[in-house]
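To start, the structure itself, in structure tokens.
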Amino acid sequence: MEIFDVYPLLDLEPVKAEGSHVFCSNGNKYLDFYGGHAVISIGHCHPHYVNKISKQLNDLGFYSNSVQNPLQQELAAKLGNLSGYDDYQLFLCNSGAEAIENALKMASFHTNKSRVISFNKAFHGRTTSALNITDKDEYTAPINQSSEVTFLEINNLSGLQDELSKGDVCAVVLEPIQGIGGIRVFEDAFLQQVEKLCNEQDVVLICDEIQAGFGRTGKFFAHQHADIQPDIITVAKGMGNGFPVAGTILSPEFEAKHGRLGSTFGGNHLACAAVTAVLEVIEKEHLVRNAANIGTQLINDLASLPQIEEVRGRGLMIGIEFSFPIKQLRHTLIEEEQIITGVASNPNVLRILPPLTITQNEANQFKTAIKNALKQPQPQ
Ligand SMILES: Cc1ncc(COP(=O)(O)O)c(C=O)c1O
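Following the numbering used here, the numbering of the sequence shown begins with 1 at its first residue and continues without gaps.
Laid out in structure tokens, this is it:
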């Protein structure tokens with residue numbers, strides 16, 4: 001059997017990893033400024049994480065959601081405490097797209113409406129409802145199509161006011177910092193207006209924090225930079241540091257009814273051990289603060305480099321836009337500087353999503369590497 005060919009692959013085969021580094025089968029050690037696609041939050045193979053999951057695996061690997069599982073409660077309490085959402089409720093599932101599906105479903109149950117407002121260049125996943133609110137027609141098969149979504153340009157307040165005044169919207173969904181869309185940051189003032197309008201009109205505000213959450217932007221959630229409180233928050237990626245786990249976090253106004261949401265694997269014992277370990281390390285090693293400190297400095301320093309059009313982002317979620325496509329630059333960084341970086345839907349944007357544990361030395365190494373790589377002629 002062949003693997004169904006859906007990804008363009010880098011010529012790298014990681015075989016081991018530690019902290020901010022990945023060791024590949026070619027014998028080279030790479031600095032991981034891509035974080036395995038924003039997934040590695042506390043660093044690769046963190047000893048506390050490895051121990052906690054190993055111990056859980058030895059005690060009990062899995063049992064279904066039909067029995068008591070206090071590990072879920074432990075995780076939820078820790079998450080509520082660290083994120084500032086003690087009074088919210090957590091539904092555990094397995095992937096980002098699933099977290100989004102559940103969020104949209106709960107918004108629709110709650111309002112008894114179905115139209116959704118999303119934003120240009122949004123990415124929310126590849127299942128049906130997630131695709132409907134994703135701004136990428138190529139990913140959508142006829143079976144996924146629904147006309148009940150309206151896309152607006154980010155920060156378009158009058159457009160949002162017009163749409164909400166029609167009275168048929170169940171949810172506004174946004175990534176406070178768009179990831180795949182090219183690290184495009186919603187203005188704080190706009191987010192505050194979205195929150196106000198949604199509250200006034202009984203529309204559910206969903207913040208997709210799947211990429212930006214769990215400390216990546218220098219706050220536990222990216223929307224906290226704007227000091228707003230969405231009704232629903234979706235999380236995945238950095239939550240499990242590589243263990244497949246996701247969550248839909250719901251305000252107290254949402255009523256739980258048996259049967260509406262469910263999952264065989266969601267909230268399993270190993271997933272709970274992984275997330276609790278991640279939260280413990282984030283707290284103990286002050287990783288949200290580290291992301292803020294190192295990220296802010298890095299963004300400032302990168303902005304002063306020649307040939308860079310714009311540096312966007314917050315904390316360790318950074319987009320560097322050039323006036324040329326970055327494909328060759330990214331390859332130079334891998335081949336000559338042994339640094340892995342990410343891409344975005346805009347071919348001119350290099351996406352930087354390192355583990356939240358990176359040190360100042362590693363950030364400096366990246367700055368020197370990009371300066372060196374930029375000395376080579378780039379395609380125009
Ligand atoms: C903002 C955002 N939402 C949703 C998703 C989908 O997550 P998953 O691939 O786990 O389904 C992603 C994945 O990249 C994402 O970046």
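Glycine residues also receive a C-beta, built at the ideal position from the N, C-alpha and C atoms.
For residue i, which residues from the same chain have a beta carbon less than 8 Å from its beta carbon, with the 5 sequence-adjacent residues on both sides left out?
i, result
"ARG216", "ALA38, SER41, ALA222, GLY238, ALA291, GLY315, LEU316, MET317, LEU353 and LEU356"
"ALA373", "LEU329, THR332, LEU333, GLU336 and GLU337"
"TYR49", "ILE42, ASN241, ALA274, ALA277, VAL278 and VAL281"
"CYS198", "LEU164, VAL172, VAL204, LEU205 and ASP231"
"GLY262", "ASN65"
Check for me: the beta strand (DSSP E) holding residue i runs from which residue to which?
i, result
"PHE151", "149-152"
"GLU310", "308-314"
"HIS21", "21-24"
"ARG351", "349-352"
"ILE318", "317-322"
"GLY247", "246-250"
"ASP135", "Looking at the DSSP string, ASP135 is not in any beta strand (DSSP E), and its letter there is neither H nor E."
"GLU255", "Counting along the chain, GLU255 falls outside any beta strand (DSSP E), and DSSP gives it neither H nor E."
"SER158", "No beta strand (DSSP E) holds SER158; the alpha helix (DSSP H) holding it covers 157-164."
"ALA226", "Element bounds for ALA226: n/a, residue is neither H nor E."
"LYS415", "Given that the chain is displayed from residue 1 to residue 380, the structure contains no residue 415 and the question cannot be resolved."
"ASP168", "Where ASP168 is concerned, there is no enclosing beta strand (DSSP E), given that its DSSP letter is neither H nor E."
"ARG216", "No beta strand (DSSP E) contains ARG216, which DSSP labels as neither H nor E."
"THR234", "232-235"
"GLN89", "89-93"
Shortest alpha-carbon distance to residue i belongs to which of the options?
i, options, result
"PRO70", "GLU309, ASN300, PHE324 and CYS272", "CYS272"
"LEU333", "THR368, VAL311, ASN348 and PHE322", "THR368"
"PRO47", "ILE206, VAL116, GLU13 and GLU280", "GLU280"
"SER118", "THR359, PRO14, GLY342 and LEU205", "LEU205"
"GLN145", "LEU152, GLU153 and LYS136", "LYS136"
"HIS269", "VAL245, LEU287, GLY259 and PHE254", "VAL245"
"THR111", "VAL203, HIS44 and GLN56", "VAL203"
"PRO347", "ILE177, ALA274, GLY182 and SER263", "GLY182"
"ALA189", "ILE339, GLU200 and PRO176", "PRO176"
"GLU285", "THR359, LEU157, LEU12 and ALA141", "THR359"
"GLN160", "VAL116, GLU209 and TYR139", "Rather than Gln, the amino acid found at residue 160 in this sequence is Leu. Ranking VAL116, GLU209 and TYR139 by Cα distance to LEU160 puts VAL116 first."
"ILE210", "MET106, GLU310, VAL173 and ALA141", "VAL173"
"GLN72", "GLY27, CYS93 and GLY259", "CYS93"
"GLU18", "LYS29, LEU57 and PRO8", "LYS29"
"GLY267", "GLU98, CYS24 and MET106", "GLU98"
"TYR34", "ASN51, LYS196 and ALA363", "ALA363"
"CYS24", "LYS375, ASN361, ILE339 and VAL6", "ILE339"
"PHE254", "ASN361, ASP87 and HIS44", "ASP87"
"ILE133", "ASP208, LEU57, LYS78 and ASP59", "ASP208"
"GLY76", "THR248, PRO377 and ALA141", "Note that residue 76 is Ala in the sequence shown here, rather than Gly. Here the closest residue by C-alpha is THR248."
Under a Cβ-count criterion, where at least 16 other Cβ atoms within 10 Å of its own Cβ denotes burial, should residue i be classed as buried or exposed?
i, result
"ASP231", "buried"
"TYR85", "buried"
"PHE4", "exposed"
"ASN102", "buried"
"MET1", "exposed"
"THR264", "exposed"
"VAL15", "exposed"
"SER158", "exposed"
"LEU152", "buried"
"PHE62", "exposed"
"VAL288", "buried"
"HIS258", "exposed"
"ALA236", "buried"
Are the CB atoms of residue i and residue j nearer to each other than 8 Å?
i, j, result
"LEU250", "PHE91", "yes"
"ASN155", "PHE123", "no"
"ALA212", "GLY167", "no"
"GLY218", "THR341", "no"
"ILE370", "LEU305", "yes"
"LEU12", "GLN365", "no"
"ILE320", "VAL343", "no"
"VAL311", "ILE326", "no"
"PHE220", "SER83", "yes"
"GLN380", "PHE322", "no"
"GLN192", "ALA226", "yes"
"GLN89", "ALA256", "yes"
How far does the alpha helix (DSSP H) with residue i in it extend, from its first residue to its last?
i, result
"PHE366", "360-374"
"LYS327", "327-337"
"GLY36", "35-38"
"ILE53", "47-59"
"ALA103", "96-111"
"PRO70", "70-83"
"ARG289", "287-303"
"VAL275", "269-284"
"ASN196", "Checking the displayed sequence, the identity of residue 196 turns out to be Lys instead of Asn. Where LYS196 is concerned, the enclosing alpha helix (DSSP H) stretches over 188-201."
Sorted by chain position, which residues of the same chain lie with C-beta nearer than 6 Å to residue i's C-beta, five sequence neighbours on each side aside?
i, result
"SER114", "SER108, GLU148 and CYS170"
"ILE100", "HIS124, GLY125, ALA130 and THR234"
"THR128", "ASN144"
"THR150", "ILE117 and GLU163"
"ASN120", "ASP135, PHE151 and GLU153"
Spatial neighbours of residue i within its chain, please: CB distance less than 7 Å, with the 5 preceding and 5 following residues excluded, ordered by chain position.
i, result
"GLY36", "GLY242"
Chain-ordered residues, beta carbon under 5 Å from a heavy atom of ligand 3 = Absence of ligand 3 is noted for the structure shown, with ligand 1 being the only ligands found.
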